[in-house]
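Asker: Mind having a look at this structure? Questions to follow.
Residue numbers (the working numbering): 72 to 284.
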């Protein structure tokens with residue numbers, strides 16, 4: 072990923088926090104059929120390897136897991152807020168006119184070797200952990216054990232597990248750090264004026280990141 076110094080984020084704890092808050096990743100592999108990409112919710116096991124291990128599952132009918140060679144490199148892309156930025160928000164536009172539109176975004180890309188698991192116990196552990204993680208905010212969390220055991224067993228036969236031990240991880244927060252303070256304030260105000268959730272999230276990033284030292 073192209074990473075100008077203004078936007079680069081190398082702190083592993085920040086990268087991991089981003090994955091936890093944006094767990095729906097895009098799994099990209101190159102196999103016998105060429106490039107294949109599928110989205111999936113991932114869990115990050117930080118203790119499993121030095122840079123963490125990503126765990127997920129795919130439908131057994133999804134050919135991606137069979138198309139890729141065991142141990143082949145995979146890429147998982149985690150996308151955060153993004154927003155179009157109009158030059159009209161910049162103070163520099165009023166001062167010199169020397170501005171152009173851009174797009175702000177936050178993203179983490181994790182690379183590693185992919186492993187496939189067909190063991191029902193491994194898959195059940197992964198599904199249970201994933202469910203527990205995402206049911207936690209609900210007043211009455213649903214659990215895998217709420218469903219009849221024969222039904223769960225049958226459902227598990229329809230999926231396979233995957234794990235990717237992260238060997239390289241890159242992160243980029245392109246949130247106007249390269250602009251003067253007056254321009255950043257204009258971007259933040261402009262985004263908040265749009266009054267939608269995505270723009271509000273980007274405004275918060277612009278304000279939190281500030282100028283890159």
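Note that CB positions come from ideal geometry on N, CA and C, so glycine has one too.
1. Measuring alpha carbon to alpha carbon, tell me which of 196, 85 and 182 ends up nearest residue 239.
2. I need the boundaries of the beta strand (DSSP E) containing residue 184, first residue and last residue.
3. I'd like to know if the segment 120-132 and the segment 215-223 are in contact, where contact means that at least 3 CB-CB pairs between them fall below 8 Å.
4. Which whole-angstrom value describes the C-beta separation of residue 179 and residue 89, a residue pair presumed to lie in contact below a C-beta threshold of 8 Å?
5. Just confirm the distance between the C-beta atoms of residue 193 and residue 151, as a whole number of angstroms; I'd bet it's less than 8 Å.
6. Spatial neighbours of residue 143 within its chain, please: C-beta separation below 8 Å, excluding the five flanking residues on both sides.
7. Check this for me: beta carbons of residue 113 and residue 96, under 7 Å apart or not?
8. Among the residues of its own chain, which have a CB less than 8 Å from the CB of residue 284, if the five just before and after it don't count?
9. Suppose only complete runs of 4+ residues qualify. What are the alpha helix (DSSP H) ranges in the segment 104-135, listed by chain order?
Answerer: Taking the geometry as given:
1. Residue 182 is the option with its Cα nearest to residue 239.
2. Residue 184 -> beta strand (DSSP E) spans 173-188.
3. Counting C-beta pairs with one atom in each stretch, the segment 120-132 and the segment 215-223 have fewer than three that are closer than 8 Å, which means they do not touch.
4. In this structure residue 179 is in contact with residue 89, their Cβ atoms being roughly 5 Å apart against a cut-off of 8 Å.
5. Actually they do not touch by this definition, with Cβ atoms about 29 Å apart.
6. Around residue 143, the same chain offers 100, 101, 102, 184 and 185 as residues with beta carbons nearer than 8 Å, after the five sequence neighbours per side are excluded.
7. Yes. Within cutoff.
8. Model confidence at residue 284 stands at a pLDDT of 43, short of 50, so the residue's coordinates are unreliable and nothing is read from them.
9. Listed in chain order, there is nothing to give.
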